[in-house]
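Note that our numbering has the sequence shown beginning at 3, numbered continuously upward.
Beta carbons: idealized from backbone N, C-alpha and C, even for Gly.
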Amino acid sequence: MALAQQPNTSNRRMPKKAPIARFLETWLGAPLHALEFILQWVLVKPTRWFWRHLDSLSYKLEGTRLRKVLAHTIFPFTLILSFFIGYRLVENGITSLTLLGFVLLPIIFGLYCAPLERLMPYSRKWLEGGNDTAVDIIMYFSGAFWSGISGLIVSALFIIGIVEMLEPYGHNLWPDDWNLIIQVTLFILIKDFFRYWFHRALHEIPALWRIHAAHHSVERLYWLNGIRAHPLEIVSQAIFYAIPLALVQPSAEVALVAVILQLSIGIFQHSNIDLELGWWEYIFSIGDNHRYHHYPDKGIGDSNYGGEFIVWDILFGTFHNPRDERPHDNIGIGTAPDYPMTVAGLYLAPFLPNQKTVFRAEDDVNELPATAPKLQPAE
Ligand SMILES: [Zn+2]
Ligand SMILES: [Zn+2]
């Protein structure tokens with residue numbers, strides 16, 4: 003029975019090997035550092051102290067029938083509940099209740115997932131993350147801001163002419179009279195097809211990997227950090243989606259239910275809840291699928307690109323989830339173990355030349371002589 007490791011109390015800074023970036027991180031990022039510090043003491047520490055009281059209960063739950071039942075049912079239950087909530091929020095059109103629901107849903111998901119992670123953790127090491135949660139909260143709101151900016155950029159770009167030309171065709175193409183569940187599934191499947199290829203390009207094209215590295219800088223997976231993305235990724239993805247989405251024009255109600263389902267699947271993609279997902283892992287990009295995706299070794303990590311569905315990976319040969327093993331919990335960027343963890347550091351990192359030199363740890367195990375003992379992966 004392993005006890006949870008004690009976390010670092012501060013986020014790793016830009017390495018000294020990059021003095022200019024470190025200077026910018028310190029001074030331009032000062033307001034962000036202050037915000038990280040405030041969030042850490044006002045929100046993160048008190049809530050984590052509260053959730054820690056569930057740890058003793060989690061040991062009692064280990065090996066019980068109740069835990070097994072929960073492990074099998076939590077995901078399908080949440081999926082059905084999310085669809086039902088989405089349906090109720092839009093059944094009378096888009097109202098102020100719909101908007102209120104959207105503001106409250108991430109908080110409700112957090113209040114639901116955070117205790118479950120404590121009660122049934124996949125990795126006890128991942129329960130403690132220093133003050134990474136403060137960074138993730140800022141990244142969540144900055145992500146919403148950059149999504150808004152993306153919309154403006156797409157509108158302002160030359161694409162607008164093409165989008166305007168295509169949109170009427172899109173309205174005619176979409177099967178409005180089909181069942182709501184089928185329309186929502188179809189919409190997410192189509193969107194995910196483009197997410198698959200965009201995500202694959204982010205991994206396989208070195209210049210794009212620089213901007214996606216912010217997402218892979220996380221050293222643990224938990225319900226909130228699936229949203230961690232560099233602004234350049236958010237903006238470029240919006241531009242990449244602009245033309246295909248002009249041809250896929252479901253009603254606003256279908257799009258909103260789809261967003262709620264994407265939110266709930268996205269939370270299970272990163273959540274540290276030890277679930278028995280079985281064949282769900284052959285439909286959705288959740289559980290072990292995404293744990294392998296965050297492996298530090300790109301030989302394994304360059305797989306399972308799906309945003310919500312995993313079917314595109316199965317179809318295009320990038321699915322990785324061996325039947326007879328479970329993924330370990332040592333994740334991160336193998337070639338960049340010193341990648342910064344502050345908000346300002348994450349923003350600046352893609353622009354640094356010589357990434358492999360700057361972000362490689364001084365005590366990189368690969369630098370040791372072949373006879374030296376290698377680091378052992380955690381339990
Ligand atoms: Zn990725
Ligand atoms: Zn991820």
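Between the beta-carbon of residue 87 and that of residue 262 there is about 6 Å, and that keeps the pair under the 8 Å contact cut. Relative to the Cα of residue 345, the nearest Cα in the group 125, 38, 21 and 54 belongs to 38. For residue 223, the Cβ stays outside the 7 Å cut-off from all heavy atoms of ligand 1.
Take the alpha-carbon of residue 221 and the one of residue 47: they are about 19 Å apart.
Annotated three-state conformation of residue 288 is coil, per DSSP.
For residue 234, the distance from the CB to the nearest heavy atom of ligand 1 is not below 7 Å. Remark: the C-beta of residue 268 is outside contact range of ligand 2, defined as less than 7 Å to any heavy atom.
Where residue 137 is concerned, the enclosing alpha helix (DSSP H) starts and stops at 134-158. When only Cα atoms are considered, residue 204 and residue 154 end up about 23 Å apart.
Judged by DSSP in its simplified three-state form, residue 275 adopts strand. In this structure, the beta-carbon distance from residue 234 to residue 352 falls below 8 Å. In this structure, DSSP gives residue 353 a helical state, which the three-state scheme calls helix. The alpha-carbon of residue 151 is positioned some 49 Å away from that of residue 67.
Beta-bridge annotation (DSSP): residue 123 is paired with 275. Within a 10 Å sphere around the beta-carbon of residue 198 sit 16 or more other beta-carbons, which makes this residue buried. With contacts defined as CB atoms closer than 8 Å, residue 269 and residue 286 fail to qualify as a contacting pair.
The closest heavy atom of ligand 1 lies less than 7 Å from the beta carbon of residue 204. Residue 311 sits in a strand when the DSSP states are folded into three classes.
With a 10 Å radius around the Cβ and a threshold of 16 neighbouring Cβ atoms, residue 71 comes out exposed. Every alpha helix (DSSP H) stretch that sits fully inside the segment 11-62 and reaches 4 residues is listed by chain position as 21-29, 32-41 and 47-54.
In this structure the segment 333-347 lies against the segment 355-365, because at least three pairs of beta carbons, one per stretch, are closer than 8 Å.
If you check the CB distance, residue 176 and residue 259 do not come in under 8 Å.
Secondary structure remark: continuous alpha helix (DSSP H) runs of at least 4 residues inside the segment 310-340, in chain order: 313-318.
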